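Okay, so the sequence shown: first residue is 1 according to the UniProt record's numbering, each after it adds one.
Cβ atoms here follow ideal geometry from the backbone N, Cα and C, with glycine treated the same way.
Small disclaimer: the values here were computed from a predicted structure and weren't measured.
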Amino acid sequence: MQTLPRRSLLEGLLATGFALAVRPVSATTIVTPAAGLQTGFSEIPVADGSIPAFHAAPLESAAPLPVILVIQEIFGVHEHIQDLCRRLAGCGYLAIAPELFFREGNPRQYSDIAELIRTIVSRVPDEQVLADLDAALRWAARHGGDPARSGITGFCWGGRISWLYARHNPAIRAAAAWYGRLGGEQTPLTPQYPLDIAAELRVPVLGLYAGRDKGISMQSVDSMRQALGSKSGSKIIVYPDAEHGFNADYRPSYNAAAAQDGWQNMLAWFREHGLGTDQSRPKK
1 MQTLPRRSLL
11 EGLLATGFAL
21 AVRPVSATTI
31 VTPAAGLQTG
41 FSEIPVADGS
51 IPAFHAAPLE
61 SAAPLPVILV
71 IQEIFGVHEH
81 IQDLCRRLAG
91 CGYLAIAPEL
101 FFREGNPRQY
111 SDIAELIRTI
121 VSRVPDEQVL
131 ADLDAALRWA
141 ARHGGDPARS
151 GITGFCWGGR
161 ISWLYARHNP
171 AIRAAAAWYG
181 RLGGEQTPLT
191 PQYPLDIAAE
201 LRVPVLGLYA
211 GRDKGISMQS
221 VDSMRQALGS
231 KSGSKIIVYP
241 DAEHGFNADY
251 RPSYNAAAAQ
261 DGWQNMLAWF
271 REHGLGTDQS
281 RPKK
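In structure tokens:
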């Protein structure tokens, strides 16, 4: 486990900006203003102490608010994930993104992706992640969130976690998984993948995938559709011309058309399953 002093880790995580591994960022990077929002980092109590989390919520809105857990890519809760939280807050949600790699160190400080995966990502157990997300929902319930109206969305690494959490916590209303891996090697830390638990899902999940994804095959997407079955309530959308990471506007993989359509589909999915807000409805 990371041996840096807790204060040093917190200072690095609280800093704004993008992870070293993704710099320089693309000119397509979207910056959502914080005007009209309440944003910041908080510490969430967990079984072995506390972890930091970024949160964003509308200032002028009656509590309690519907809650969306926002699950990071492998780069941690860097500027892009914080911006996604601000976008959701602008749609009327309390969005919270816990730093799920905190015990292992600061993923923003790694410039080499392979080293980041080896040193941090591969050492994080699913069981711990799911428990931390439970804790994040408890925190949200104490800070203006409605525990009866909660959902989850995640990107890449967080996409897989979104599928798993939908099975772990049947009390959430809906999930949206962006290009999360569906199958893989089972290990003591990652004992299951979405394909393994598809038949057990009771929470409706919207899967958003890319036809040109080099890491997630269309065969695995088709297998997931079959595993879900026609009565699961879940749905998978594939954007045939998009690549993995098509919503990551700060990277070359960004596909504006697919990202914007996926975002609107996600908001509609949340509304359809009882997580709607006036702000989340399409503007006429």
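For the pair of segments examined, the stretch 43-60 was found to touch the stretch 90-100: the number of CB pairs separated by less than 8 Å reaches three.
The Cβ atoms of residue 160 and residue 176 do not sit closer than 9 Å to each other. Contact between the stretch 149-165 and the stretch 71-85 is present: three or more C-beta pairs spanning the two stretches fall below 8 Å. Annotation for residue 149: no alpha helix (DSSP H) segment contains it, though the beta strand (DSSP E) segment containing it runs 145-155. Within the model, the alpha-carbon separation for residue 88 versus residue 30 is close to 14 Å.
In the DSSP assignment, residue 41 forms a beta bridge with 54.
In the three-state reduction of the DSSP assignment, residue 69 falls in the strand class, which pools E and B. In this model, residue 222 and residue 239 are separated by some 14 Å (Cα to Cα). With contacts defined as CB atoms closer than 9 Å, residue 91 and residue 280 qualify as a contacting pair. With a 10 Å radius around the Cβ and a threshold of 16 neighbouring Cβ atoms, residue 82 comes out buried. The C-beta distance from residue 105 to residue 120 rounds to 6 Å, short enough to fall under 8 Å. The C-beta separation of residue 236 from residue 251 comes to about 23 Å, leaving the pair out of contact by the 8 Å criterion. With respect to the C-alpha of residue 157, the residue from 137, 150 and 77 having the closest C-alpha is 77.
Taking residue 202 as the centre and dropping the five residues before and after it, the same chain places the C-beta of 170 closer than 6 Å to its C-beta, in chain order. Residue 189 counts as exposed, since fewer than 16 other C-beta atoms from the protein chains shown sit within 10 angstroms of its C-beta. DSSP places residue 201 in no alpha helix (DSSP H); its state is neither H nor E. Straight-line measurement puts the Cα of residue 131 at about 27 Å from the Cα of residue 272. In this structure, the alpha-carbon of residue 270 lies about 20 Å from that of residue 194. Taking 9 Å as the cut-off, the beta carbon of residue 174 is found no closer than this to the beta carbon of residue 125. Take the alpha-carbon of residue 24 and the one of residue 114: they are about 18 Å apart. Counting only the Cα atoms, residue 149 lies some 15 Å from residue 268.
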